[in-house]
Amino acid sequence: MASGIVLACCMTVSAWAAPAAHHVASATSTHNATHTSTAREQRIRQQLEAARSARENLLARQQQQAHDLEERRRVEREAREQARQDAQKAASLSAATVDATARLQHTEQQAADLDSRITGLHTEQAALRQQLAREVARLSPLLPLAERLSLYPADTLLAVPLPADRAVTGLLVVHGMMGDIAGQARAIHARRTRLAQLDGELAQQQQQMRQVVSERESQRDTVNRAAHAALEAQQRSNAAAASATQAVAEAARRASSVQDAIARIEATEEQAEKNLEDAARAAERAHNMQAAAAARKQAHDMATGAGPGIAPATSASAGAPVAGTVLTAWGHPTESGPATGITYAPPSRATVRAPCTGRIDFAGAFRTYGQMMILDCGKHYRFVLAGLGEIAVAAGQQVSHGAAVGQMPQWNGGGSRPTLFVQLRHGGGTVNPAPYL
4 MASGIVLACC
14 MTVSAWAAPA
24 AHHVASATST
34 HNATHTSTAR
44 EQRIRQQLEA
54 ARSARENLLA
64 RQQQQAHDLE
74 ERRRVEREAR
84 EQARQDAQKA
94 ASLSAATVDA
104 TARLQHTEQQ
114 AADLDSRITG
124 LHTEQAALRQ
134 QLAREVARLS
144 PLLPLAERLS
154 LYPADTLLAV
164 PLPADRAVTG
174 LLVVHGMMGD
184 IAGQARAIHA
194 RRTRLAQLDG
204 ELAQQQQQMR
214 QVVSERESQR
224 DTVNRAAHAA
234 LEAQQRSNAA
244 AASATQAVAE
254 AARRASSVQD
264 AIARIEATEE
274 QAEKNLEDAA
284 RAAERAHNMQ
294 AAAAARKQAH
304 DMATGAGPGI
314 APATSASAGA
324 PVAGTVLTAW
334 GHPTESGPAT
344 GITYAPPSRA
354 TVRAPCTGRI
364 DFAGAFRTYG
374 QMMILDCGKH
384 YRFVLAGLGE
394 IAVAAGQQVS
404 HGAAVGQMPQ
414 WNGGGSRPTL
424 FVQLRHGGGT
434 VNPAPYL
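For any residue, its number in the working numbering is found by taking its place in the sequence shown, counting from 1, and adding 3.
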């Protein structure tokens, strides 16, 4: 009886427990599913946030890159514009020196001519003094006799026991001697008079020389200030925007001869023009018309901007590039063959002028030529000037015909005299520069 009751109770409990267990299992399953769903949603949200953040970062980087690119373009445009303005300023300042440099060269030539005249006067003085010394030495022994004869001619002859015929001969000889002595005395007097004139002329010439030198130094200071202002403007231009002219100058510096330098310059310019044309086409393909136009303009400026070429000098434009005299003319025989240029012997620190309007290809020390410059006159004509003491222009600078481009070295008359070598080249050959100066 008792066992039946227990069994019944157990069955009752089992019947009640089964639904409860099922309920608990169902609740656990639901909780787990909810948790899994929440975790997945969190991962999705995190992924979305990460993607959104990455997209924002990418957009920010793109915007920054676009801003940086635009900033670089702006800086480049400003640099090009600044370079253009500085180059124009350099050209204007150079052109402004033309008249002042012409006046200075006239004054320098005037000083050189005065110096030559003063040297000639000193030479004439020295020669006259030597002649006077010789004549006085030759005449001195005869002076006592000449004085006695002039005072007591008859007594002097009578004091000597001579026959009458010999006495007459003596009188004739004495008369001749007196004439010769008088002639020598007149020559001495004339030379002394000329010496006094030379002293006066020298004093006058030296006074004029002091005035000319003072004027020359004032003019030279004015020209040098203007030339250096132009040089500084060009140096700023070269620093503001790297240009093909710097590559041209470097190519010339690596050359082994002037002919090689000219060939390298022309090859470098041709390559630079080609590179600019390639850059223009690439910019057009990228639809950057502004960059294409800038590249084409630069290529055009390189091809046509050097200068107008050269023409035979007229009375208005004629003038040597430096004061002084011609030491060696074109074609004159030299140790190495006919001269390929003109060599000038200028005064100390004489100002050197541009022999044409054009662009400086090279300016600096070159091999055994010393300080040298190559001036592109346009149409494949180039002047080479070598032997300067100081250069007042930079590569790439535009200069006007007659503008100051440098100065000769200091020279005090001792040692080897500085000279300026001027050569005109057309392509690879040399041309007589005389008709164009």
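Note that CB positions come from ideal geometry on N, CA and C, so glycine has one too.
Checklist entry - For the beta strand (DSSP E) that contains Arg356, what are its first and last residues? => result Thr354 to Arg356
Next on the checklist: So, with DSSP's three-state summary, where would you put Ile313?
Outcome noted: coil
Item to check | Any 3 or more C-beta pairs closer than 8 Å across the region 385–401 and the region 284–293 | outcome: no
Checklist entry - Rounded to whole angstroms, how far is the Cβ of Val408 from the Cβ of Val355, which I believe are closer than 8 Å? => result 6 Å
Checklist entry - Could you give the uninterrupted runs of the beta strand (DSSP E) lying entirely in the region 327–405, keeping only those of 3 residues or more? => result 328–331, 345–348, 354–356, 361–368, 374–381 and 384–391
Next on the checklist: Excluding the 5 residues flanking Asn435 on each side, which residues of the same chain have their C-beta closer than 8 Å to its C-beta?
Outcome noted: Trp333, Gly334 and Leu427
Checklist entry - What residues in its chain sit with their C-beta under 8 Å from that of Gly322, if we drop five residues either side in the sequence? => result Ala105, Gln108, Ala316, Arg356, Gly405 and Leu440
Checklist entry - Where DSSP assigns a beta bridge to Met428, which residues make up the other side? => result The question names Met, yet the displayed sequence has Arg at residue 428. Partner(s): Arg385 and Thr433.
Checklist entry - Buried or exposed: which applies to Arg284, given that a residue is buried once 16 or more other Cβ atoms fall within 10 Å of its Cβ? => result exposed
Checklist entry - What separation, rounded to the nearest whole angstrom, lies between the Cα atoms of Gly327 and Val425? => result 13 Å
Item to check | Whole-number beta carbon distance between Gly310 and Gly381, since they are thought to touch under 8 Å | outcome: 3 Å
Item to check | Boundaries of the beta strand (DSSP E) in which Val261 is found, first to last residue | outcome: Note, Val261: premise wrong, no beta strand (DSSP E); alpha helix (DSSP H) at Val261 to Arg288.
Checklist entry - For Arg299 and chain D, any beta-carbon pair shorter than 8 Å? => result In the structure shown, chain D cannot be found, because there is only a single protein chain.
Item to check | Assigned secondary structure, Pro421 (DSSP; H/G/I helix, E/B strand, else coil) | outcome: coil
Checklist entry - How about the region 126–142 and the region 336–345: do they share at least three Cβ pairs that are nearer than 8 Å? => result no
Checklist entry - Roughly how far, in whole angstroms, is the beta-carbon of Gln413 from the beta-carbon of Ser339, given that I think they are within contact range, below 8 Å? => result Contact flag wrong, Cβ pair sits at about 28 Å.
Checklist entry - Going by DSSP, which residues form a beta bridge with Gln477? => result With the chain covering only 4 through 440, there is no way to say anything about residue 477.
Next on the checklist: Quick check on DSSP: helix, strand or coil for Gly123?
Outcome noted: helix
Checklist entry - Thinking C-alpha only, which one of Ile313, Leu279, Ala98 and Ala314 is nearest Lys300? => result Leu279
Item to check | Euclidean distance between Cα positions of Ala297 and Gln88 | outcome: 15 Å
Checklist entry - Between Ala397 and Ala366, is the Cβ-Cβ spacing less than 8 Å? => result yes
Checklist entry - Helix or strand or just coil, what does DSSP make of Ala323? => result coil
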